[in-house]
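Colleague: Sequential numbering of the sequence shown, starting at 479, is according to my numbering. Note that beta-carbon positions come from the ideal geometry of N, C-alpha and C, so glycine has one too.
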Amino acid sequence: MPADAPRLTRNGDAPAHGIVHLGLGAFFRAFGAVYIDELMKAQGGDWGITGVSLKSPGTRDRLAQQGGVFTSVALGPDGRHRRVIGSVIDVRVAPEDPEAVLALMADKRTRLVTLTVTEKGYCHNPATGGIDPDHPDIRHDIETSLPKSAPGFIVRALARRREAGHAPFTVLSCDNLPDNGKLVRGVVTELARAIDPALAKWIIDEGRFPSTMVDRIVPATTADDIAKLTAETGVEDAAPVLHEPFRQWVIEDNFVDGTRPALEMVGVEMVRDVTPFEHMKLRMLNGTHSALAYLGYLAGHETIAETVADPVFSSFVKHLWAHEIIPALTPPQDTDLEDYAETLLARYENPAIRHRTWQIAMDGSQKLPQRILSTMAENHAAGRLSPGLTLAVAAWMRYVGGTDDTGAAIEVKDPLANRLRALSDDAGWPAAKVDALLGVHEIFAPGFAEAHRNDLVAAYASLVENGARGATEKVMTG
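Pasting the structure below:
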């Protein structure tokens with residue numbers, strides 16, 4: 479890295495504010511911010527994004543010296559393609575000044591509030607979809623007017639807009655959750671009802687929460703990535719994002735007063751019903767990503783590309799698509815699911831994308847219900863078997879026990895990590911471990927254990943006896 483490299487800075491004026499984004503991490507900057515940037519460069523408009531970090535100042539501190547701009551790097555088999563993104567105009571840190579965040583969200587200029595707060599950021603019960611009334615942030619947000627949680631900021635800001643006689647902003651979730659619009663609408667109205675039932679009714683009547691499907695693989699940026707980009711450009715960017723070339727954004731066209739950015743001009747699909755796209759992506763991409771992450775991580779593979787380079791795991795993921803996932807899906811209009819699976823495999827095999835298995839394995843307690851368990855439940859109801867998905871769930875159970883196939887300790891990152899590890903440690907081997915983890919009702923819905931317990935015990939035992947690769951091979955050979 480050049481020792482005297484100048485810092486990346488904004489050239490020209492920043493666009494006018496129009497969007498608040500809660501949870502400004504790498505994914506949204508590599509995805510939504512890129513679309514918005516392209517749109518404003520093509521036709522102008524006041525859709526500048528003010529990001530809000532709900533926890534730490536890291537993103538703000540890295541972007542502040544750059545005027546909010548950063549480099550987007552597409553990593554393809556044909557090389558690296560760079561462009562500077564200018565749609566982010568400011569970043570606020572909510573714990574430092576929640577009042578300033580609320581004031582901005584309540585401002586009439588804010589017409590759209592977008593979110594990437596991950597599954598755990600909705601403070602809900604993944605098994606039921608309802609808000610978690612015992613979540614400490616939710617208890618705080620009911621009792622205090624300056625909130626901590628994403629739902630709390632939305633509710634309190636909407637309350638201010640109602641009091642001022644302003645229309646609500648549209649709330650657009652960009653997280654990988656089924657019916658994400660309905661989910662955020664549900665947790666917001668539940669929280670509002672606990673604070674002021676009249677506010678909840680106004681939100682239900684006047685608010686809009688379109689569902690979305692988002693798709694782009696965005697590995698975590700490393701120090702080596704930053705150094706390589708500086709060497710390439712001669713300019714230091716402390717906050718670049720790296721991603722695959724592929725992207726897809728599907729949005730339910732349901733906005734307050736019809737006011738929205740014309741995203742169809744830059745390739746976004748505006749549709750009446752997102753559900754078929756959501757299910758396709760969550761189950762075919764995210765479901766197999768999680769399956770490969772747990773099995774690959776236990777087997778010692780560092781990345782998804784490395785995992786599918788192993789013929790056992792490549793055959794396994796093809797089996798999942800053909801025999802366990804596609805049969806449970808209704809394809810979106812004009813979409814061939816077999817072709818989609820081929821596209822996914824090519825994306826997984828992209829050698830330029832180092833999407834680490836540990837990164838995908840994070841927060842599994844929040845991800846399993848929509849990515850894997852829902853498919854297993856539908857297969858069971860239809861009389862179809864799910865041996866591969868069962869093995870993936872068993873691999874998650876082994877992973878949260880804190881050791882890999884070699885017996886080496888692994889760091890488990892999950893909101894329930896301590897509880898899950900304690901359950902696993904206190905139980906026998908392996909049936910009691912499976913029973914203990916199936917008792918975590920925030921993850922496993924009533925009836926799931928009765929339907930799948932014996933198969934999970936057998937799968938867990940196979941992982942112990944044969945290792946992740948060997949157990950996967952046994953699934954493939956029947």
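Could you tell me which whole alpha helix (DSSP H) segments of length 4 or greater appear in the region 737-771?
Modeller: List check, alpha helix (DSSP H) in window: 753-758.
Colleague: Where do the ends of the beta strand (DSSP E) carrying Met691 lie?
Modeller: The residue you call residue 691 lines up with position 213 of the sequence shown. Residues Thr690 to Asp693.
Colleague: By Cβ distance below 7 Å, which residues in the same chain neighbour Tyr772 in space, the five residues on each side in sequence not counted?
Modeller: In the sequence shown, counting from the first residue as 1, residue 772 sits at position 294. Excluding five sequence positions before and after Tyr772, the CB atoms of its chain that fall closer than 7 Å to its own CB belong to Ala839, Ala870, Ala873, Trp874 and Tyr877, given in chain order.
Colleague: Would you mind reading off the limits of the alpha helix (DSSP H) that contains Asn872?
Modeller: For the purposes of this step, residue 872 is identified with residue 394 of the sequence shown, where counting begins at 1. Just to set this straight, residue 872 is Ala in the shown sequence, not Asn. Where Ala872 is concerned, the enclosing alpha helix (DSSP H) stretches over Pro865 to Val878.
Colleague: Excluding the five sequence neighbours on either side, which residues of its own chain have a C-beta within less than 6 Å of the C-beta of Ser793, listed in chain order?
Modeller: In the sequence shown, the residue the question calls residue 793 occupies position 315. Cβ within range, chain order: Met954.
Colleague: Confirm, please, whether the CB-CB distance from Trp727 to Val746 is below 8 Å.
Modeller: Here residue 746 is taken as the residue at index 268 of the sequence shown, counted from 1. Here residue 727 is taken as the residue at index 249 of the sequence shown, counted from 1. Judged by their CB atoms, Val746 and Trp727 are nearer to each other than the 8 Å cut-off.
Colleague: According to the Cβ coordinates, are Met748 and Ala819 closer than 8 Å?
Modeller: Counting from one through the sequence shown, the residue named residue 748 turns up at place 270. Counting from one through the sequence shown, the residue named residue 819 turns up at place 341. Against a cut-off of 8 Å, the Cβ pair of Ala819 and Met748 comes out as no contact.
Colleague: Going by the beta-carbon positions, is the gap between Arg725 and Phe509 smaller than 8 Å?
Modeller: For the purposes of this step, residue 725 is identified with residue 247 of the sequence shown, where counting begins at 1. For the purposes of this step, residue 509 is identified with residue 31 of the sequence shown, where counting begins at 1. The answer is yes: Cβ separation under 8 Å.
Colleague: Classify Ile567 as helix, strand or coil using the three-state DSSP reduction.
Modeller: Locating residue 567 in the sequence shown gives position 89, counting from the first residue. Residue state, collapsed to three classes: strand.
Colleague: Considering only the beta carbon of each residue, do Ala504 and Ala645 sit closer than 8 Å?
Modeller: Along the sequence shown, read from residue 1 onward, the residue named residue 504 stands at position 26. Along the sequence shown, read from residue 1 onward, the residue named residue 645 stands at position 167. Not a contact, by the Cβ cut-off of 8 Å.
Colleague: According to the neighbour-count rule (16 or more other Cβ atoms, all chains shown, within 10 Å of its Cβ), is Trp907 buried or exposed?
Modeller: For the purposes of this step, residue 907 is taken as residue 429 along the sequence shown, with counting starting at 1. It is exposed - the Cβ of Trp907 has fewer than 16 other Cβ atoms within 10 Å.
Colleague: Val665 and Leu593 - do their beta-carbons sit closer together than 8 Å?
Modeller: As a working note, residue 593 is residue 115 in the sequence shown. As a working note, residue 665 is residue 187 in the sequence shown. Against a cut-off of 8 Å, the Cβ pair of Val665 and Leu593 comes out as no contact.
Colleague: Is Trp525 closer than 8 Å to Pro576 when the C-beta atoms are compared?
Modeller: For the purposes of this step, residue 576 is taken as residue 98 along the sequence shown, with counting starting at 1. For the purposes of this step, residue 525 is taken as residue 47 along the sequence shown, with counting starting at 1. Not a contact, by the Cβ cut-off of 8 Å.
Colleague: Between Asp715 and Gln544, is the Cβ-Cβ spacing less than 8 Å?
Modeller: If you number the sequence shown from 1, residue 715 lands on position 237. If you number the sequence shown from 1, residue 544 lands on position 66. Cβ distance < 8 Å, so Asp715 and Gln544 count as in contact.
Colleague: My assumption, with CB atoms under 8 Å, is that Leu962 sits in contact with Leu867. Please give the rounded CB distance.
Modeller: The chain is shown only over 479 to 956; residue 962 falls outside these bounds and no answer can be derived.
Colleague: Which same chain residues, not among the five before or five after Leu677, have their C-beta less than 6 Å away from its C-beta?
Modeller: Position 199 of the sequence shown holds residue 677. Here the set comprises Ala637 and Ala670.
Colleague: I'd like the ranges of any alpha helix (DSSP H) spanning at least 4 consecutive residues and lying wholly in the region 617-658.
Modeller: For the region 617-658, whole alpha helix (DSSP H) runs of length 4 or above, ordered along the chain, are 628-642.
Colleague: Kindly indicate the opening and closing residues of the alpha helix (DSSP H) around Leu502.
Modeller: In the sequence shown, counting from the first residue as 1, residue 502 sits at position 24. It is not in any alpha helix (DSSP H) - Leu502 carries neither H nor E in the DSSP assignment.
Colleague: Is Asp585 near the ligand NAD, with its Cβ less than 7 Å from a heavy atom?
Modeller: The ligand NAD is not part of this structure, which contains no ligands at all.
Colleague: By a C-beta neighbour count over all protein chains shown, 10 Å radius and 16 as the cutoff for buried, is Ala800 buried or exposed?
Modeller: Residue mapping note: residue 800 aligns to position 322 of the sequence shown, counting from 1. Exposed is the call here.
Colleague: Quick one, are the C-beta atoms of Val786 and Glu827 less than 8 Å apart?
Modeller: Looking up residue 786 in the sequence shown gives position 308. Looking up residue 827 in the sequence shown gives position 349. Taking a C-beta distance under 8 Å as the contact criterion, Val786 and Glu827 qualify as a contact pair.
Colleague: Which term fits Asp693, buried or exposed, when burial requires 16 or more other beta carbons within 10 angstroms of its beta carbon?
Modeller: For the purposes of this step, residue 693 is identified with residue 215 of the sequence shown, where counting begins at 1. Classification for Asp693: buried.
Colleague: When you compare only the Cα positions, how much space is there between Asp515 and Gln521?
Modeller: Your numbering for residue 515 matches position 37 in the sequence shown. Your numbering for residue 521 matches position 43 in the sequence shown. Each residue's alpha carbon lies about 10 Å from the other.
Colleague: Would you please state the rounded distance, in angstroms, between the beta carbons of Val969 and Ala628? I believe it to be under 8 Å.
Modeller: One cannot answer for residue 969 here, as it falls past the ends of the chain, which runs 479 to 956.
Colleague: Given this structure, state the Cα-to-Cα distance separating Gly599 from Pro688, to the nearest angstrom.
Modeller: Here residue 599 corresponds to residue number 121 of the sequence shown, with the count starting at 1. Here residue 688 corresponds to residue number 210 of the sequence shown, with the count starting at 1. Here the C-alpha atom of Gly599 lies approximately 18 Å from the C-alpha atom of Pro688.
Colleague: Do the region 848-864 and the region 877-886 make contact, defined as three or more Cβ pairs closer than 8 Å?
Modeller: With the cut-off at 8 Å, the region 848-864 and the region 877-886 do not touch.
Colleague: Answer yes if the region 555-563 comes into contact with the region 730-737, meaning at least three C-beta pairs across the two stretches below 8 Å, and no otherwise.
Modeller: no
Colleague: Tell me which residues share the same chain as Gly945 and place their Cβ nearer than 7 Å to its Cβ, disregarding the 5 neighbours each side in the sequence.
Modeller: Residue mapping note: residue 945 aligns to position 467 of the sequence shown, counting from 1. Correct list, in chain order: Ala777 and Asp883.
Colleague: Can you find the residues in the same chain that come closer than 8 Å, C-beta to C-beta, to Glu928, ignoring five residues on each side of it along the sequence?
Modeller: Here residue 928 refers to the residue found at position 450 when the sequence shown is read from its first residue. Excluding sequence neighbours, Glu928 sits near nothing in its chain.
Colleague: What does Phe548 pair with, by DSSP beta-bridge criteria?
Modeller: For the purposes of this step, residue 548 is taken as the residue at position 70 of the sequence shown. Secondary-structure assignment with DSSP links Phe548 through a beta bridge to Ile563.
Colleague: Alpha carbons only, please: which of Thr690, Lys845 and Glu889 is nearest the one belonging to Asp657?
Modeller: For the purposes of this step, residue 657 is taken as the residue at position 179 of the sequence shown. Checked all of Thr690, Lys845 and Glu889; the closest Cα to Asp657 is Thr690.
Colleague: Quick check on this structure: which residue in Leu846, Gln837 and Gln811 has the alpha carbon closest to the alpha carbon of His779?
Modeller: Here residue 779 is taken as the residue at index 301 of the sequence shown, counted from 1. Checking every option, the nearest Cα to that of His779 belongs to Gln837.
Colleague: As a quick exercise: from Glu920, Gly925 and Ala936, pick the residue whose alpha carbon is nearest that of Ile609.
Modeller: Along the sequence shown, one-based indexing puts residue 609 at 131. Of Glu920, Gly925 and Ala936, the residue nearest in Cα terms is Glu920.
Colleague: With H, G and I counted as helix, E and B as strand and the rest as coil, what does DSSP make of Trp727?
Modeller: On the sequence shown, position 249 is the one that residue 727 refers to. Three-state DSSP puts Trp727 in a strand.
Colleague: In the DSSP assignment, find the unbroken alpha helix (DSSP H) run with Leu815 in it and report its ends.
Modeller: Residue numbering aside, residue 815 sits at position 337 when the sequence shown is read from its first letter. First-last of the alpha helix (DSSP H) with Leu815: Leu815 to Glu827.
Colleague: Relative to the C-alpha of Ala909, which residue among Leu934, Arg587 and Ala830 is closest?
Modeller: Reading the sequence shown from its first residue, position 431 is the one you call residue 909. Residue Leu934 is the option with its Cα nearest to Ala909.
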